[in-house]
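Down below is the structure, laid out as structure tokens.
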Amino acid sequence: MNVNVETELATLKEKLEAMPGGENKLTMIVFSGGLDKQLAAMIIATGAAAMGMEVILFFTFWGTAALRDPAKRVGGKSFMGKMFGMMLPKGRDKLKLSQMNMAGMGTSMLKGLMQKKHVASLSELYEVAGQLSVKIYACEMSMDLMGFKREELIDYPGLEVCGVATMLAHAKESSVQFFI
Amino acid sequence: MNVNVETELATLKEKLEAMPGGENKLTMIVFSGGLDKQLAAMIIATGAAAMGMEVILFFTFWGTAALRDPAKRVGGKSFMGKMFGMMLPKGRDKLKLSQMNMAGMGTSMLKGLMQKKHVASLSELYEVAGQLSVKIYACEMSMDLMGFKREELIDYPGLEVCGVATMLAHAKESSVQFFI
Amino acid sequence: MNVNVETELATLKEKLEAMPGGENKLTMIVFSGGLDKQLAAMIIATGAAAMGMEVILFFTFWGTAALRDPAKRVGGKSFMGKMFGMMLPKGRDKLKLSQMNMAGMGTSMLKGLMQKKHVASLSELYEVAGQLSVKIYACEMSMDLMGFKREELIDYPGLEVCGVATMLAHAKESSVQFFI
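So the sequence lines, in the order shown, correspond to chains W, P and D. Counting in the working numbering, the first sequence runs without a single skipped number right up to 206 at its last residue. Counting in the working numbering, the second sequence runs without a single skipped number right up to 206 at its last residue. Counting in the working numbering, the third sequence runs without a single skipped number right up to 206 at its last residue.
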């Protein structure tokens, strides 16, 4: 084989492999804490994983409240931490619609309809996500701001706390990114 | 030509073609039913199509209400379907701003301004989108949940109902994706 | 070197370079005017720039209000322009949370917490963004609709007003895109 051709081929191969956005991977920032958007995120995530994509979820800001386990109580919180803890939904079963909540009626209606139509609930979607190795990260800065501690998060296989740089490193390799 | 080189070239070519995110294509999830976000979605969609991109819109959740045709009435709905049908906007002309709606005043102000400034209305944008072959999909699961039927959707060239997997297959080929 | 091989290599190289989504670049549409989402946008932008990515921000709709400089007053506005000018936040220091604002209490709480936890404020993030050459565009159509003029925007290095086509041209080259 001609040396020049070999070198050129190797260079092309390297470029192709290092190309950003070239992996069969989906990275999603789950910013919203609304039940509707959290459902959308988990339906997209499990759908993509079922299609063989690697899936990375980065829960940040209001979204982190969905990762709280209501059964786990943690002491030693500051006054502000306690305040936020009380004001924000205690886990995914307490999330409300981001619109048409109507004092809980819209949220109840939707949950009832989902059950009737055999649409998976948020808890069932987490179960499936775990089985399909959907990776969940909780945003370190958001947890710190809202006074959430690592120990009060749900039991989910491989759940990790990380910073925005880790999320971005995943995002730039991914062929699909969404901010929800 | 050396056989090794030929094989290597063919492999590279194949990889390049199969590369996710490599198509000149935009996939957008239109989740929100707010007039402001629906306008943004259609302005981006028609802009991208005018630039020669293939454009795929996937209307889901609150977004699906924009695809209802108020002139089409469908019978045989369940009680819940009728309820949702009444509560959700009857088509794109009834959408409200997601903020600063102020009992309709903000929405009217914006519409008035758009007319004065010769910005295309939502209906005009749909017209252009159809001419530019922007593809519109309505989310099957959302329509089922909200009790919307295929027959009450707008007349739009090539409008189809599909699941999340179809949207994801488009998204992973696309160089641009947005969740609105 | 065999001519065929040379041609094939050149073709592959060209395709690889012209591949959409192949640049180490992030394009973000900043649509929301909520303090929470504007913070998220600037944290992601500065994080990506610090990692060596080229970063493009396109402020549109409610988002444009964050680019207003409250100290700059411009005359010659229409009645509608004055109305919108009064109703929308006068710059980034007046932004409110998109949820849990609670008549300003939630917004104050968050700002207090950010200071206590040494999280950079929005103004500090703009400073860093400017130093890291994060590019900021303001959407021409939105500014026209809301009656904002170029002269009332903040002093930010390289700030430009542009249309949706410019944003899309950046987005399709970018390996990461978000709509916030």
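Don't be surprised by glycine CBs; every beta carbon is placed ideally from N, CA and C.
Do residue i and residue j have their C-beta atoms within less than 8 Å of each other?
i: P/G60; j: P/L121; result: yes
i: P/A66; j: P/V160; result: no
i: D/T53; j: D/M169; result: no
i: D/Q203; j: W/Q203; result: yes
i: W/R118; j: W/A97; result: no
i: W/G132; j: W/L139; result: no
i: D/P46; j: P/G48; result: yes
i: D/A164; j: D/F110; result: no
i: D/I233; j: D/I55; result: This structure cannot speak to residue 233 of chain D, because chain D is shown only from 27 to 206.
i: D/L136; j: W/E34; result: no
i: W/K198; j: D/S149; result: no
i: D/V31; j: W/V31; result: yes
On the three-state DSSP scale, how would you describe residue i?
i: P/F84; result: strand
i: W/I162; result: strand
i: D/M112; result: helix
i: W/K51; result: strand
i: W/S134; result: helix
i: W/V202; result: strand
i: D/R94; result: strand
i: W/L139; result: helix
i: P/L179; result: strand
i: W/V31; result: helix
Note the first and the last residue of the continuous beta strand (DSSP E) segment covering residue i.
i: W/E186; result: E186 to C188
Select from the options the residue whose C-alpha is nearest the C-alpha of residue i.
i: D/Q125; options: W/K108, W/E32 and W/S58; result: W/S58
i: D/D181; options: D/R94, D/I82, D/M68 and D/L38; result: D/R94
i: P/L194; options: W/M45, W/G78 and W/D119; result: W/G78
i: W/N127; options: P/M113, P/T133, P/D119 and P/L123; result: P/M113
i: D/K51; options: D/L83, D/T33, D/D62 and D/N30; result: D/L83
i: D/V154; options: D/G48, D/I69 and D/V56; result: D/I69
i: W/Q157; options: W/T37, W/V145, W/G184 and W/G189; result: W/G184
i: W/E178; options: W/L148, W/G107, W/T33 and W/G130; result: W/G107
i: W/K116; options: W/E166, W/S200, W/M172 and W/S134; result: W/M172
i: W/V187; options: W/L148, W/F174, W/T37 and W/Y152; result: W/F174
i: W/Y152; options: W/A71, W/V31 and W/E199; result: W/A71
i: W/K143; options: P/S147, P/E166 and P/S149; result: P/E166
i: D/V145; options: W/E32, W/G189 and W/N30; result: W/G189
i: P/D62; options: P/S134, P/T37 and P/H196; result: P/S134
Please report the residue range of the alpha helix (DSSP H) in which residue i lies.
i: P/A71; result: L61 to A76
i: D/Q125; result: Unbroken run through D/Q125: none, as it is neither H nor E.
i: P/G156; result: L148 to Q157
Would you check whether the ligand GDP has a heavy atom nearer than 7 Å to the C-beta of residue i?
i: W/A146; result: Among the components of this structure there are no ligands whatsoever, and the ligand GDP is therefore not found.
Hey, is the region 34 to 48 of chain P in contact with the region 98 to 114 of chain D, meaning 3+ C-beta pairs nearer than 8 Å?
-> Short answer: they don't touch.
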